[in-house]
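Working notes, beginning with the structure itself.
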Amino acid sequence: RTLIMYAYAESPNARENLEFFIAKGIHGLADFLFVFNGETDADSLLPVGKHNIKIVKRENKCYDLGTIGEVLAKDALWKGYKRFITLNASIRGPFLPTYSSENCWSDIFLSRITDHVKLVGTSMNCKPYQHVQSMLLATDDIGMGILLSPSLADSVEVNDVFGSASDPTGFTPCYAAMGQAIHGEMGLTELIRKQGYEVDVLLTAFHAETPTTYCEANAHPEDILYEGKYYGSNVHPYELVFIKANRNIDPILLASMTRWHLKQKDSAWDVCGGRGKKRVDGM
Numbered sequence: 002r003t004l005i006m007y008a009y010a011e012s013p014n015a016r017e018n019l020e021f022f023i024a025k026g027i028h029g030l031a032d033f034l035f036v037f038n039g040e041t042d043a044d045s046l047l048p049v050g051k052h053n054i055k056i057v058k059r060e061n062k063c064y065d066l067g068t069i070g071e072v073l074a075k076d077a078l079w080k081g082y083k084r085f086i087t088l089n090a091s092i093r094g095p096f097l098p099t100y101s102s103e104n105c106w107s108d109i110f111l112s113r114i115t116d117h118v119k120l121v122g123t124s125m126n127c128k129p130y131q132h133v134q135s136m137l138l139a140t141d142d143i144g145m146g147i148l149l150s151p152s153l154a155d156s157v158e159v160n161d162v163f164g165s166a167s168d169p170t171g172f173t174p175c176y177a178a179m180g181q182a183i184h185g186e187m188g189l190t191e192l193i194r195k196q197g198y199e200v201d202v203l204l205t206a207f208h209a210e211t212p213t214t215y216c217e218a219n220a221h222p223e224d225i226l227y228e229g230k231y232y233g234s235n236v237h238p239y240e241l242v243f244i245k246a247n248r249n250i251d252p253i254l255l256a257s258m259t260r261w262h263l264k265q266k267d268s269a270w271d272v273c274g275g276r277g278k279k280r281v282d283g284m
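The numbering of the sequence shown is our numbering, which starts it at 2 and goes up by one.
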């Protein structure tokens with residue numbers, strides 16, 4: 002069984018992204034766990050009567066990585082699943098072109114998990130060192146076991162402007178400050194690699210090289226998820242399936258894509274199948 006976990010904190014942009022995901026992303030072949038952090042009534046937007054939609058409301062603390070870890074570790078929830086996707090409300094999607102509209106969006110990420118690859122995301126950042134960006138991550142029970150391991154959280158010995166080699170990474174810590182959370186995010190890739198596994202992303206430019214040569218071959222580019230930063234242009238929503246929606250990346254295109262896709266009658270319920278019946282509140 003697959004668990005898809007959506008972390009939410011209230012903002013106008015986050016609400017618009019959640020509304021889009023509800024319309025286009027929910028399906029019946031996975032359990033969907035929506036975690037609402039802080040004051041919000043956004044849970045009222047979720048469809049009622051679906052057995053595979055669950056809700057957790059909690060204090061807004063620990064940042065996204067710590068939230069994921071706290072919720073999944075409680076009562077060993079994660080051990081009831083074999084595959085996972087975690088995402089937050091800073092991204093909008095899924096966006097699939099008409100020629101790929103019969104593909105289930107979650108399979109696009111989960112199909113890239115192999116015996117060798119244990120962490121999949123949308124994009125790769127090279128600053129200050131190579132790491133999968135964490136707004137959407139896919140893994141299996143092996144990868145999640147690594148990310149949730151308290152004993153491995155201190156095993157990534159890297160220094161950056163946000164933290165030192167002695168600071169933890171992974172999903173285990175409750176990060177108290179933004180810098181700590183960023184350091185924790187950047188360490189996820191190395192955490193997986195230190196256990197002998199590799200990572201993957203959908204980014205086309207990444208696949209023009211190898212995982213180890215991408216950053217050097219491209220002169221260690223900065224975060225490509227900003228206006229004009231994808232090698233002089235912008236990354237398209239179709240390339241990553243989900244696009245960072247809170248950074249003003251080609252806002253006219255994003256608004257048009259959002260409008261066009263919402264007008265289309267199909268949804269992930271139709272494409273992926275498996276319609277649920279009853280919603281469960283709390284865990």
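We put the beta carbon where it would ideally sit given N, CA and C, even for glycine. Keep in mind that this is a model prediction, so the values were computed, not measured.
### Message
I need the DSSP call for residue 187, collapsed to helix, strand or coil.
### Response
Here residue 187 refers to the residue found at position 186 of the sequence shown. Note: residue 187 maps to helix in three-state DSSP.
### Message
Considering only their Cβ atoms, is the gap separating residue 34 from residue 55 smaller than 7 angstroms?
### Response
Locating residue 55 in the sequence shown gives position 54, counting from the first residue. Locating residue 34 in the sequence shown gives position 33, counting from the first residue. Yes. Within cutoff.
### Task
Whole angstroms is fine: what's the gap from residue 188's alpha carbon to residue 105's?
Reading the sequence shown from its first residue, position 187 is the one you call residue 188. Reading the sequence shown from its first residue, position 104 is the one you call residue 105. Looking at the two C-alpha atoms, the distance is approximately 29 angstroms.
### Query
Is it the case that the CB of residue 124 approaches a heavy atom of the ligand ADP more closely than 6 angstroms?
Ligands displayed in this structure: none; no statement on the ligand ADP is therefore possible.
### Task
Please go through the same chain and pick out, in chain order, the residues whose beta-carbon is closer than 6 angstroms to the beta-carbon of residue 87, but skip the five residues on each side of it.
For the purposes of this step, residue 87 is taken as the residue at position 86 of the sequence shown. Same-chain partners within the cutoff: 6, 69, 138.
### Message
Measuring only the C-alpha atoms, how far is residue 281 from residue 72?
### Response
Position 280 of the sequence shown, counting from 1, holds the residue named residue 281. Position 71 of the sequence shown, counting from 1, holds the residue named residue 72. Note that residue 281 scores a pLDDT of 39, beneath 50, so its modelled location is shaky; the value from the coordinates is reported in the next line. Approximately 16 angstroms between the Cα atoms of the pair.
#### Entry: the stretch 93–100 contacting the stretch 229–247, beta-carbon criterion three pairs below 8 angstroms
yes
### Query
What is the DSSP secondary structure of residue 21, reduced to helix, strand or coil?
Position 20 of the sequence shown holds residue 21. In this structure, residue 21 counts as helix in the three-state DSSP scheme.
### Task
Out of 274, 253, 167, 128, point me to the one whose CA is closest to residue 215's CA.
Residue mapping note: residue 215 aligns to position 214 of the sequence shown, counting from 1. Residue 128 is the option with its Cα nearest to residue 215.
#### Entry: Close Cβ partners of residue 251 (< 8 angstroms) along its chain, the five nearest in sequence each way excluded
On the sequence shown, residue 251 is found 250 positions in, with the first residue counted as 1. If we look at residue 251 and ignore the five residues flanking it on each side, its Cβ neighbours are 228, 235.
### Query
If we call anything under 7 angstroms between Cβ atoms a contact, is residue 89 one with residue 247?
Position 88 of the sequence shown, counted from the start, is the residue given in the question as residue 89. Position 246 of the sequence shown, counted from the start, is the residue given in the question as residue 247. Taking 7 angstroms as the Cβ cut-off, residue 89 and residue 247 do not qualify as a contacting pair.
### Per-residue burial, residue 18 [other beta carbons within 10 Å of its own, 16 or more giving buried]
Here residue 18 refers to the residue found at position 17 when the sequence shown is read from its first residue. Buried, because 16 or more other Cβ atoms sit within 10 Å of the Cβ of residue 18.
### Message
Within 10 Å of its beta-carbon, does residue 39 have 16 or more other beta-carbons around it, so buried, or fewer, so exposed?
### Response
Numbered from its first residue, the sequence shown carries residue 39 at position 38. The residue is exposed, with fewer than 16 neighbouring Cβ atoms inside 10 Å.
### Query
How many Å lie between residue 59 and residue 185 at the Cα?
What you label residue 59 is simply residue 58 of the sequence shown in a count that begins at 1. What you label residue 185 is simply residue 184 of the sequence shown in a count that begins at 1. One C-alpha to the other measures close to 21 angstroms.
### Status (buried if at least 16 other CB within 10 Å, exposed otherwise) for residue 121
Here residue 121 refers to the residue found at position 120 when the sequence shown is read from its first residue. It is buried - the Cβ of residue 121 has at least 16 other Cβ atoms within 10 Å.
### Task
Could you tell me which of 20, 10, 29 sits nearest to residue 272, measuring between CA atoms?
As a working note, residue 272 is residue 271 in the sequence shown. It is 29.
### Task
Please list, in chain order, all residues of the same chain as residue 262 whose beta carbon is under 7 angstroms from its beta carbon, the five residues on each side excluded.
Here residue 262 refers to the residue found at position 261 of the sequence shown. For residue 262, where only same-chain residues beyond five positions count, the Cβ hits under 7 angstroms are 25, 96.
### Query
Going straight from the alpha carbon of residue 270 to that of residue 111, what length do you get?
Taking the first residue of the sequence shown as 1, we reach residue 270 at position 269. Taking the first residue of the sequence shown as 1, we reach residue 111 at position 110. If you take the alpha carbons of residue 270 and residue 111, they lie about 17 angstroms apart.
### Task
Measure the C-alpha to C-alpha separation of residue 200 and residue 219 and round it to an integer number of angstroms.
One-based indexing of the sequence shown puts residue 200 at position 199. One-based indexing of the sequence shown puts residue 219 at position 218. One C-alpha to the other measures close to 18 angstroms.
### Message
I need the DSSP call for residue 260, collapsed to helix, strand or coil.
### Response
Position 259 of the sequence shown, counted from the first residue, corresponds to residue 260. Three-state DSSP puts residue 260 in a helix.
### Terminal residues of the alpha helix (DSSP H) in which residue 68 lies
Taking the sequence shown and counting its residues from 1, one reaches residue 68 at position 67. Residue 68 -> alpha helix (DSSP H) spans 64–74.
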